[in-house]
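A.B. asks: If you scroll down you'll find the structure; I have some questions about it.
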Amino acid sequence: MARLAMSARGRLTMLVVFFLPLLHCVLLEGAEGAPWFWRWPPIGGGGGEDPYCLSWRVMVEANNAKGWRRVPAPCIGYVRGYMAWGQYYRDVGSVADQVAAYAAQIVPTADGLDAWVFDVDDTCLSNQPYYQAKQFGAYDPVAFKMWASRGVCPGIPAMQWLFQTLRGRGFRVFLVTGRDEETLASSTVANLAAAGFFGYDRLIMRSASYRGQSSVAFKSAVRRQLVAEGYRLRGNMGDQWSDLQGECVGDRVFKVPNPMYFVP
33 MARLAMSARG
43 RLTMLVVFFL
53 PLLHCVLLEG
63 AEGAPWFWRW
73 PPIGGGGGED
83 PYCLSWRVMV
93 EANNAKGWRR
103 VPAPCIGYVR
113 GYMAWGQYYR
123 DVGSVADQVA
133 AYAAQIVPTA
143 DGLDAWVFDV
153 DDTCLSNQPY
163 YQAKQFGAYD
173 PVAFKMWASR
183 GVCPGIPAMQ
193 WLFQTLRGRG
203 FRVFLVTGRD
213 EETLASSTVA
223 NLAAAGFFGY
233 DRLIMRSASY
243 RGQSSVAFKS
253 AVRRQLVAEG
263 YRLRGNMGDQ
273 WSDLQGECVG
283 DRVFKVPNPM
293 YFVP
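Each residue of the sequence shown is one higher than the one before, counting from 33 in the working numbering.
Below is the structure:
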């Protein structure tokens, strides 16, 4: 009988241990209007911010988090550390290694029409100093244009290496950016050269005819024109999913990490 009683108590303990967390989740979901794991950490910060922010960053890179205007307040320190303390550069380096390994399997043809498309901002040139200074706040087109016009964006080393590696293997390289052609062309060309990006086939910027169009629409039109000219787009590089979506995206796309901002 004692063994039976112990067994009953054990089963009861197991039921409590199993169902109590589920009940806690249900109560939180009803009280807050969202599942417990989505509400963590509580508004205002608190413990567990790094696991939450890591999950948020993964959602951003997987394109599951869309339309966000700024880094969540509890994650500003996390994003600052990610960008500045080495992990970001390790991640970008890993992307560059994967691209180089893929490109090594392709033998460019003698007609010179095998091509790659690179985005510019936070693919070739880093805007980390600008966004860090503004606490990773919402995109401000006027302030960003002032920053970009200075032509002081540092180059991203792994991308500069990849850019020159692809050129050395005989690929044509096109840089496609949403920067305004009329106001930022000269500063962008000078900035790219200073950062080690020279020898590209064409820098294509947003002209007046594309103003007001989404990034997907603009970059799709550019790639469509390149394909019409006979180029085979072997790869497409960008830090935003909007760089990599739409028409004529290329044989493969490669996403460079960027938890600082979102471009629809």
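Every residue, glycine too, gets a C-beta built ideally from N, C-alpha and C.
As the structure is a prediction and not an experimental result, all values here were calculated from the model.
1) Please report the straight-line C-alpha distance between Gln119 and Gln257, rounded to a whole angstrom.
2) In the DSSP assignment, the alpha helix (DSSP H) including Lys177 goes from what residue to what residue?
3) Please name the residue in Leu157, Asn96, Trp100 whose C-alpha comes closest to that of Trp193.
4) Can we say the stretch 285-296 touches the stretch 252-266, given the rule of at least three CB pairs closer than 8 Å?
5) Quick one: Cα of Leu145 to Cα of Gln167, how far?
6) Specify, as a first and last residue, the run of the beta strand (DSSP E) that Thr155 falls within.
7) Tell me which same chain residues have a C-beta within less than 6 Å of the C-beta of Trp179, skipping the five on either side of it?
8) Which residues in the same chain as Val92 place their Cβ atom closer than 6 Å to its Cβ, once the five residues preceding and following it in sequence are excluded?
9) Starting from Pro234, follow its DSSP beta bridges and name the residues at the other end.
10) Pop quiz: Gln239 and Glu213 are said to be a contact at Cβ under 8 Å. What is the actual Cβ separation, rounded to whole angstroms?
11) Go through its chain and collect everything with a Cβ distance to Gln277's Cβ below 7 Å, but skip five positions before and after it.
12) Using the three-state DSSP reduction, which class does Val149 fall into: helix, strand or coil?
13) Quick one: residues in its chain with C-beta nearer than 6 Å to the C-beta of Ala170, no 5 flanking neighbours on either side, listed in chain order?
14) When the Cα atoms are used, what is the spatial distance from Trp72 to Val90?
15) In three-state DSSP terms, what is Phe250?
16) So, Asp275 versus Thr155, is the Cβ gap smaller than 9 Å?
17) Between the alpha carbons of Val139 and Met269, how many angstroms are there, rounded?
18) Could you name the residues of the same chain whose beta carbon sits closer than 7 Å to that of Tyr293, not counting the 5 residues immediately before and after it, in chain order?
19) In this structure, how does DSSP classify Arg284 when only helix, strand and coil are distinguished?
20) By Cβ distance below 7 Å, which residues in the same chain neighbour Gly109 in space, the five residues on each side in sequence not counted?
21) Gly200 lies in the beta strand (DSSP E); which residues open and close that run?
C.D. replies: For this structure:
1) Rounded to the nearest whole angstrom, the C-alpha separation of Gln119 and Gln257 is 37 Å.
2) Start and end: 173-181.
3) The shortest C-alpha separation from Trp193 is found at Leu157.
4) Taking a cut-off of 8 Å for Cβ pairs, the stretch 285-296 and the stretch 252-266 do not touch, as fewer than three such pairs fall below it.
5) So the alpha carbons of these two residues sit roughly 43 Å apart.
6) Unbroken run through Thr155: none, as it is neither H nor E.
7) The beta carbon of Trp179 sits closer than 6 Å to those of Tyr162, all from its chain and outside the five residues before and after it, given in chain order.
8) Cβ neighbours of Val92 within its own chain (closer than 6 Å, five residues either side excluded): Pro291.
9) Note that residue 234 is Arg in the sequence shown here, rather than Pro. Beta-bridge pairing links Arg234 to Phe206.
10) The sequence as given places Ser at residue 239; Gln does not occur at that position. Indeed they touch by this definition, with Cβ atoms about 5 Å apart.
11) Annotation for Gln277: Val248 place their beta carbon closer than 7 Å to its own, counting only its chain and skipping 5 residues before and after.
12) Residue state, collapsed to three classes: strand.
13) If the five residues before and after Ala170 are omitted, its C-beta is found closer than 6 Å to the C-beta atoms of Arg101, Arg102, all from its own chain and listed in chain order.
14) Because Trp72 carries a pLDDT of 38, less than 50, the predicted location of this residue cannot be relied on, and the following value inherits that uncertainty. Separation of Trp72 and Val90 (C-alpha to C-alpha, rounded to the nearest whole angstrom) is 15 Å.
15) Correct three-state label for Phe250: helix.
16) Yes. Within cutoff.
17) Taking C-alpha positions only, Val139 is separated from Met269 by approximately 19 Å.
18) Sequence-distant partners of Tyr293 (beyond 5 residues in either direction) whose C-beta falls short of 7 Å from its own C-beta, in its chain, are Tyr163, Tyr171.
19) Coil, per DSSP.
20) Contacts found: none.
21) Membership of Gly200 in any beta strand (DSSP E) is not indicated; the residue belongs instead to the alpha helix (DSSP H) covering 189-200.
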